[in-house]
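See below for the structure under consideration.
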Amino acid sequence: MGEENSICVYCASSDASDAVYRDVAYRLGGVLTTRGYAVIYGGGATGSMGALADGVVAAGGTITGVMPRFMMDLEWAHKSLTKLHVVEDMRIRKHMMLSGSHGLVTLPGGPGTFEELFEALTLKRLGLYTNPIVLVNTRNYFDPLLAMLEHAVAERFMHPRHVGMWQIVAEPEDVPDALANAPEWSAAARSFARVL
Ligand code: AMP
Numbered sequence: 002m003g004e005e006n007s008i009c010v011y012c013a014s015s016d017a018s019d020a021v022y023r024d025v026a027y028r029l030g031g032v033l034t035t036r037g038y039a040v041i042y043g044g045g046a047t048g049s050m051g052a053l054a055d056g057v058v059a060a061g062g063t064i065t066g067v068m069p070r071f072m073m074d075l076e077w078a079h080k081s082l083t084k085l086h087v088v089e090d091m092r093i094r095k096h097m098m099l100s101g102s103h104g105l106v107t108l109p110g111g112p113g114t115f116e117e118l119f120e121a122l123t124l125k126r127l128g129l130y131t132n133p134i135v136l137v138n139t140r141n142y143f144d145p146l147l148a149m150l151e152h153a154v155a156e157r158f159m160h161p162r163h164v165g166m167w168q169i170v171a172e173p174e175d176v177p178d179a180l181a182n183a184p185e186w187s188a189a190a191r192s193f194a195r196v197l
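Residue numbers (my numbering): 2 to 197.
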């Protein structure tokens, strides 16, 4: 873990969604590799997760998977990863993925992806994760979720400054610039974590 310039990617395990989601994941793997980033992700072979890994491997990049033992037993792991860490449970997996990364990219996904994204947002609000968080809004998938977050600000469950915790891009090719240009964030975020 902890490769220089590692980016954590959270995305879907589903193969049933529109093929564009897997195409975007594959392209993201290529783009991150070309820009010199290593990738850390959940280690899966299916859905956007598998496509992401295929994209990194095809581009000659470095991709590390982190997978709980029970998923290994189910043979869910991608077979061509640079490294695969087998961990005891989902919590350790998430901690390892995020703490070993210098930025997070979230692609459309299901509840697993939401959970991972919201944990990262919660940690960032508390100044415990200070790296960029970039969402790729393929097919405007995240629009309802972004509306909910804006609603949370409007209802004063979050501070307007918290909107600066995430960046939204349309295409995977936009991700490197979004990572590079994300607003600074630090442990000082604690001072406005609580909405008064
Ligand atoms: P979701 O967005 O609900 O598809 O969840 C993606 C996350 O679910 C992954 O990061 C994993 O935690 C987990 N997951 C669910 N199914 C699989 C699978 N077949 N292979 C690997 N991870 C999976």
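Just so you know, even glycine gets a beta-carbon here, dropped at the ideal spot from N, CA and C.
Span separating the alpha-carbon of L150 from that of E120: 14 Å
Looking at A13 and the ligand AMP, is the gap between the Cβ and the nearest heavy atom below 7 Å? yes
What residues are listed by DSSP as bridge partners for I93? Note: I93 sits in no beta bridge, so no partner.
Note down, in chain order, each residue of its chain lying with its Cβ closer than 8 Å to the Cβ of G111, except the 5 sequence neighbours on either side. A13, S14, S15
Cα-Cα separation, L33 to V135: 13 Å
Buried/exposed call for H163, threshold 16 Cβ in 10 Å: buried
Per DSSP, which residues does M68 bridge with? Please list them. V87
Would you give the residue range spanned by the alpha helix (DSSP H) that L29 belongs to? 20 to 35
Note the first and the last residue of the continuous alpha helix (DSSP H) segment covering L122. 112 to 126
Three-state class that DSSP yields for W186 in the structure shown: coil
Under the criterion of a Cβ to heavy atom distance below 7 Å, does E117 qualify as lining the ligand AMP? yes
Of the listed residues V67, A59, L29, nearest to S49 (C-alpha basis): L29
Can you give me the start and stop residues for the alpha helix (DSSP H) that S49 sits inside? 48 to 59
How big is the Cα-Cα spacing for V67 and T107? 16 Å
Looking only at its own chain, which residues have a Cβ that is under 7 Å from the Cβ of L118, when we skip the five neighbours before and after it? Y11, T107
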